[in-house]
Amino acid sequence: MKKVKTKTTYAVVDIETTGGNALNGDKIIQFGCVLIEDGKMVQQFATDINPLIRIPKQIEHLTGITTKQVANAPYFEDVATTIYNLLEGCIFIAHNIQFDYQFLNNEFKQAGYPPLTLKGMDTVELAQILLPTAPSFRLTDLANQFHFQHSNPHQADSDAYVTGELFLMLQQIAMNLPLVTLEKMVELALFCSMNTNEFFIDCLEKVRSEIPPLPEALMIKDGLALQKKEIQLEQVGNWEETKNYPLSLVEKEQLFADHLVIRESQVTMMDRVFDTFQKDSNAHLAIEAATGVGKTLGYLIPLAYLADQKRPVVISTYTTLLQKQLIEKDIVQLNKLVPFNVNAAILKSKNHYLHLSRFAEEIKSETLNKNDALLKMRLLTWLTQTVTGDLDELNMTNFNGTFWKKVCHHGWLNDPREDPWYNEDFYLFAKKVVQQASIIITNHAFLCHDFKREVPELPEVDRFIIDEAHHLSDVAVAASSETFSYYQVHHALKLIGRIDSEDSYLNQFESLSKKVKSIYAYQLSNIEMSGLSLSEGLAEFLDELLLICHQMATKKLDKSEEINVMLSDTIQWSLENKRKIKKISAQFTEICQLGFELVQQLIREPETLSLTESYFVEDFNVLLTSIEQQGTMFKTIFNNENPYAVTWFSYKEKSPKNSFKIKRSTINSAEFLKEHLVEQAKQIVYTGATLEVRGTFDYFEEQIGEKELDTLILASPYDYKNQARLYLPAEMGSIKSMSKKHYVESIVAKLIQLIENSQENIMVLFNAFEPLHDVYRLLQQNHLFNQREILAQGISGSRERILKRFFHANGGILLGADSFWEGVDLPGKSLRIIIVTRLPFDSPEQPFVKSKYHYLETLGENPFSVEALPKATLRLRQGLGRLIRSETDRGIMLVLDDRLFKTNYGKQMLHSLPTDLPKKELPMTEIVTEIQDFLS
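Just so you know, we're using our numbering here: the sequence shown kicks off at 3 and counts up by one.
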């Protein structure tokens with residue numbers, strides 16, 4: 003297969019192996035290659051390879067390649083010459099090139115060949131740079147996103163072909179970038195793997211040979227290409243004609259036309275929402291709309307006819323992810339239905355946005371590491387696509403790194419109009435869009451924090467939709483909670499540092515003082531001494547607190563387990579400790595005063611600072627503000643006695659100092675919500691799938707500070723009698739009498755019985771992380787689960803990543819707690835079995851729960867009946883709601899807690915579930931048979 007190469011040939015390679023480590027004896031079992039010339043795939047080659055060792059079960063399961071299949075395949079030595087000649091003179095392309103290139107070289111070495119010396123490019127890095135908003139860079143996920151034909155994922159021939167398609171697409175995307183963007187890419191690409199930088203050099207040369215005109219949607223400023231921004235105004239047209247709400251069923255059917263199926267319950271909801279917002283008087287309505295009702299359009303359609311720019315409506319939902327879904331999916335759908343354009347806008351905190359001016363400065367500064375280079379390149383591409391500058395579009399798991407702290411928006415110390423990118427600023431643009439919107443979409447956390455701001459970011463509104471309303475009280479508790487973190491303060495003081503510590507703030511201020519005469523040496527020295535005193539005093543006081551905590555801890559705990567010690571119930575402060583608390587409080591005040599004084603001096607003379615130096619001062623101000631906030635919390639926690647607050651110490655035995663936190667929460671969120679929302683808003687519609695308990699909204703009302711709400715319950719349109727089953731294994735013993743070991747083993751035993759004759763995905767829901775991790779360890783050690791993908795919260799990545807892998811799994815097992823009880827949308831066959839390991843009651847030993855129960859007792863109420871039982875009941879309903887998401891879904895809930903059938907409160911929980919849901923207690927062998935019959 004010798005070739006004469008007269009042009010650039012790319013060899014796109016994929017290999018499948020027995021494992022991830024060639025040095026430990028893992029071997030290639032399949033090789034696939036596609037050759038690309040002149041933008042076309044010109045040749046394919048693939049072969050199985052006999053590794054001379056057994057292929058592990060999990061690899062067989064992942065790839066579909068079996069030991070039997072490769073038994074008669076050639077050894078690597080037999081095909082080495084063919085592969086070596088095929089690759090000779092080519093540019094090596096792979097998805098995660100370091101793995102394929104090094105593994106292949108190791109095999110060549112063992113076969114007696116010299117190592118490959120080819121140029122190489124990595125499609126993972128190229129995708130990260132050129133597809134900045136992709137939710138995942140796994141090859142299978144990219145293939146799904148861009149509709150590449152991927153017939154056999156994890157087989158070398160199919161993976162190589164798809165990688166080739168991806169490479170060609172990425173080439174095209176790069177060639178369409180503006181010239182200024184490509185020029186900056188070339189400078190930064192030196193940090194990329196192997197010769198990936200030459201990809202950008204090649205694209206730049208081709209673009210320079212025939213420079214295309216700049217697309218109309220783009221502009222260039224200071225060497226950056228970005229999208230022009232324009233605020234869409236609502237098309238008002240003839241108001242009377244276009245904005246008449248469709249009162250009759252016929253009019254609603256005409257509105258839905260061929261787009262959607264209209265449901266009776268959805269019509270009821272639309273009319274009630276419309277009537278509520280039309281009233282002149284105060285009207286607060288709670289609607290429980292079960293899954294399948296069409297809740298979102300149930301409130302959006304009436305809002306479209308009622309809301310306008312002069313009197314907008316705020317929709318608050320639980321998470322930023324749900325905000326995104328509302329704006330990108332539901333509002334788009336709404337605008338297809340109604341005969342006019344509805345302007346909706348998202349409102350988030352400023353740190354969600356890229357600060358263009360800071361990014362422009364960062365691009366000009368020296369890049370010191372690969373991670374920063376890749377992020378800069380990714381943002382350069384993104385700027386040519388985004389209008390919002392909302393960093394959440396990038397689908398990153400977090401923005402905690404140093405780079406993000408430099409480029410995300412913090413606001414301004416000086417007049418914003420002095421910002422060179424003032425007219426293009428993303429945060430200011432977002433605020434302008436909100437001013438023009440008739441529907442403003444935010445989230446519960448933003449809403450609750452905005453209630454506390456001296457200058458709110460939300461415009462003055464008195465009409466609200468609170469979606470996912472059952473979360474509002476918990477979010478209000480979190481918003482009114484405070485956490486003092488020793489590590490956060492220690493880290494901040496370390497960043498301020500000493501004058502002679504390289505790269506510390508004080509060291510950089512001393513360098514700046516050579517240019518700026520208003521920075522005095524004595525000021526820097528005072529800040530240094532103040533920081534050291536606070537650091538030493540806090541460390542010493544923490545040692546004493548930990549000693550007290552060790553004495554108070556009632557049981558010996560696992561090193562990784564969090565220890566919580568209540569402050570109010572356990573500790574009497576000595577006079578000496580009171581002096582220390584007072585001294586530390588004063589030291590917090592002192593360092594902040596000294597630091598802020600320095601900042602004020604510098605911002606009074608802005609002409610003495612370059613833009614980069616101004617941002618350095620702003621960053622110092624942000625750091626001081628975080629220290630000030632921590633100092634305020636410290637003072638509040640130790641000096642302010644609030645009978646409605648609970649305070650506790652929290653730490654892990656493994657690293658007590660770094661993990662040490664003092665937490666304080668307000669027990670009753672209802673007062674907070676009553677003051678800021680309930681008594682201020684004229685019209686509110688609360689909605690969610692689980693608001694009522696046993697037919698009443700009493701519990702919900704108590705949580706949010708409402709009284710005598712108008713209420714509406716819209717039952718599920720799904721046929722639970724034929725679509726779902728709930729089982730309790732008859733042989734389950736009393737869960738309260740089980741040891742931890744027996745409890746964990748019993749969960750694993752039930753899983754073994756379920757998987758023996760089934761490839762169904764199974765979600766296992768826990769109340770706590772300790773048993774979850776124990777079950778995970780046992781499953782990993784059991785060979786029966788070798789062919790299953792086992793995913794565990796807190797172990798297998800972010801929630802979004804776990805759900806994505808679970809969705810694509812065949813026979814996957816997901817172990818989840820807290821957030822997995824709800825908000826999981828896995829329709830169809832991706833989730834048909836849920837195991838509830840224990841009735842979802844909060845642990846009464848958690849400090850907050852314990853204090854809340856005590857508070858309820860002081861009011862003469864029974865904590866179990868008014869708080870614990872309603873909350874657990876709602877959570878059980880939420881768990882069931884994960885199963886049936888459409889008319890064609892089928893699902894099983896297996897409950898491993900005998901209390902559901904054998905206690906009075908358990909029977910009350912059962913009665914809250916759909917009445918037509920079959921609920922059975924049977925031996926596990928019979929349950930397994932029934933499940934097979936029901937799901938087949």
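Even glycine gets a Cβ: it sits at the ideal position worked out from N, Cα and C. Since the model is a prediction, treat every value here as computed from it, not as a measurement.
Pop quiz: Thr322 and Asn199 are said to be a contact at Cβ under 8 Å. What is the actual Cβ separation, rounded to whole angstroms? For the purposes of this step, residue 322 is taken as the residue at position 320 of the sequence shown. For the purposes of this step, residue 199 is taken as the residue at position 197 of the sequence shown. About 35 Å separates the two Cβ atoms, so there is no contact after all.
Does the beta carbon of Leu915 fall short of 6 Å from some heavy atom of the ligand ADP? As for the ligand ADP, it is missing from this structure, which has no ligand bound.
Beta carbon of Ile593, beta carbon of Ser532: below 7 Å? Against the sequence shown, residue 593 aligns to sequence position 591. Against the sequence shown, residue 532 aligns to sequence position 530. The answer is yes: Cβ separation under 7 Å.
Identity of the residues DSSP links to Glu39 by a beta bridge: Here residue 39 refers to the residue found at position 37 when the sequence shown is read from its first residue. In the DSSP output, where bridge partners are listed per residue, Glu39 has Lys42.
Coarse secondary structure for Gln795, derived from DSSP in three states: Looking up residue 795 in the sequence shown gives position 793. The answer is coil: DSSP assigns Gln795 none of H, G, I, E or B.
In chain order, each alpha helix (DSSP H) run of at least 4 residues that lies wholly inside the region 270-312: 297-308
Checking the sheet assignment: what are the DSSP bridge partners for Tyr12? Counting from 1 along the sequence shown, the entry for residue 12 is found at position 10. Its beta-bridge partners are Ile38, Ile93.
Ile529, buried or exposed, once every other Cβ within 10 Å from all chains shown has been counted against 16: Within the sequence shown, the letter at position 527 stands for residue 529. Result: buried.
Please report how far the alpha carbon of Val680 lies from the alpha carbon of Gly22, in whole angstroms. Your numbering for residue 680 matches position 678 in the sequence shown. Your numbering for residue 22 matches position 20 in the sequence shown. Approximately 57 Å, taken between the alpha carbons.
Can you check whether the CB of Ile498 is closer than 7 Å to the CB of Tyr301? Position 299 of the sequence shown, counted from the first residue, corresponds to residue 301. Position 496 of the sequence shown, counted from the first residue, corresponds to residue 498. Contact flag unset, no.
Helix or strand or just coil, what does DSSP make of Tyr115? As a first step, residue 115 must be located in the sequence shown, where it is residue number 113. Reduced to three states, the DSSP call for Tyr115 is coil.
Using a threshold of 7 Å, state whether the C-beta atoms of Tyr247 and Tyr307 are closer than that. Along the sequence shown, one-based indexing puts residue 247 at 245. Along the sequence shown, one-based indexing puts residue 307 at 305. Their beta carbons are under 7 Å apart, which means Tyr247 touches Tyr307 by this criterion.
Rounded separation between Leu919 and Gln725 - CA only: Walking along the sequence shown from the start, residue 919 turns up at place 917. Walking along the sequence shown from the start, residue 725 turns up at place 723. If you take the alpha carbons of Leu919 and Gln725, they lie about 8 Å apart.
Residue environment, Ser2, which counts as buried when at least 16 other CB atoms sit within 10 Å: Nothing can be reported for residue 2: it is not among the residues displayed for the chain, which extend from 3 to 938.
Between which two residues does the beta strand (DSSP E) holding Ile467 run? Locating residue 467 in the sequence shown gives position 465, counting from the first residue. Segment 465-468, the beta strand (DSSP E) holding Ile467.
Given this structure, state the Cα-to-Cα distance separating Phe202 from His411, to the nearest angstrom. Here residue 202 refers to the residue found at position 200 of the sequence shown. Here residue 411 refers to the residue found at position 409 of the sequence shown. About 30 Å.
Taking the C-alpha atoms as reference points, what is the distance between Lys254 and Leu305? Taking the first residue of the sequence shown as position 1, residue 254 is located at position 252. Taking the first residue of the sequence shown as position 1, residue 305 is located at position 303. Rounded to whole angstroms, Lys254 to Leu305 spans 14 Å at the Cα level.
So, Gln880 versus Thr692, is the Cβ gap smaller than 7 Å? Residue numbering aside, residue 880 sits at position 878 when the sequence shown is read from its first letter. Residue numbering aside, residue 692 sits at position 690 when the sequence shown is read from its first letter. Cβ distance < 7 Å, so Gln880 and Thr692 count as in contact.
Gly166 versus Met221 - alpha carbon distance: Sequence index remark: in the sequence shown, residue 166 carries index 164 (1-based). Sequence index remark: in the sequence shown, residue 221 carries index 219 (1-based). Roughly 32 Å between the two C-alpha positions.
Hey, how far is the Cα of Ser914 from the Cα of Glu218? Along the sequence shown, read from residue 1 onward, the residue named residue 914 stands at position 912. Along the sequence shown, read from residue 1 onward, the residue named residue 218 stands at position 216. If you take the alpha carbons of Ser914 and Glu218, they lie about 58 Å apart.
Residue burial classification, Pro925 (beta-carbon count within 10 angstroms, cutoff 16): Here residue 925 refers to the residue found at position 923 when the sequence shown is read from its first residue. Pro925 should be labelled exposed.
What are the boundary residues of the beta strand (DSSP E) that Phe486 is part of? For the purposes of this step, residue 486 is identified with residue 484 of the sequence shown, where counting begins at 1. Element bounds for Phe486: 484-487.
For Lys231, the nearest candidate out of Ile85, Leu393, Lys434, Trp406 (CA to CA): Against the sequence shown, residue 231 aligns to sequence position 229. Here the closest residue by C-alpha is Lys434.
Should the region 389-401 be regarded as contacting the region 599-617, the criterion being three or more beta carbon pairs within less than 8 Å? no
Does the region 755-766 touch the region 826-840, meaning 3 or more C-beta pairs lie closer than 8 Å? yes
Cys205 beta carbon less than 7 Å from that of Glu127: Position 125 of the sequence shown, counting from 1, holds the residue named residue 127. Position 203 of the sequence shown, counting from 1, holds the residue named residue 205. No, they are not a contact pair.
When the Cα atoms are used, what is the spatial distance from Gly294 to Leu885? Residue mapping note: residue 294 aligns to position 292 of the sequence shown, counting from 1. Residue mapping note: residue 885 aligns to position 883 of the sequence shown, counting from 1. If you take the alpha carbons of Gly294 and Leu885, they lie about 12 Å apart.
Any idea what DSSP makes of Asp421, helix, strand or coil? Counting from one through the sequence shown, the residue named residue 421 turns up at place 419. Asp421: coil per DSSP, three-state reduction.
State the Cα-Cα distance for the pair Asn425 and His451, rounded to the nearest angstrom. The sequence position of residue 425 within the sequence shown is 423, counting from 1. The sequence position of residue 451 within the sequence shown is 449, counting from 1. Cα-Cα distance, rounded: 28 Å.
Give me the Cα-Cα distance between Lys5 and Ile30, rounded to the nearest whole angstrom. For the purposes of this step, residue 5 is identified with residue 3 of the sequence shown, where counting begins at 1. For the purposes of this step, residue 30 is identified with residue 28 of the sequence shown, where counting begins at 1. Below a pLDDT of 50, predicted positions are generally treated as unreliable, and Lys5, at 48, falls in that range; the measurement from the model is reported next regardless. For Lys5 and Ile30, the distance between alpha carbons rounds to 25 Å.
Burial state of Arg887, where buried means 16 or more other Cβ atoms lie within 10 Å: Position 885 of the sequence shown, counted from the first residue, corresponds to residue 887. With 16 or more Cβ atoms within 10 Å of its Cβ, Arg887 is classed as buried.
Are the C-beta atoms of His492 and some chain D residue less than 7 Å apart? In the structure shown, chain D cannot be found, because there is only a single protein chain.
May I have a chain-ordered list of the alpha helix (DSSP H) segments no shorter than 4 residues that lie completely inside the region 348-375? 358-366
With H, G and I counted as helix, E and B as strand and the rest as coil, what does DSSP make of Val680? Along the sequence shown, one-based indexing puts residue 680 at 678. Three-state DSSP puts Val680 in a helix.
Local conformation of Trp650 per DSSP, three classes: Here residue 650 is taken as the residue at index 648 of the sequence shown, counted from 1. Strand, per DSSP.
Is it a yes or a no for the region 414-422 touching the region 281-297, going by three-plus beta-carbon pairs under 8 Å? no
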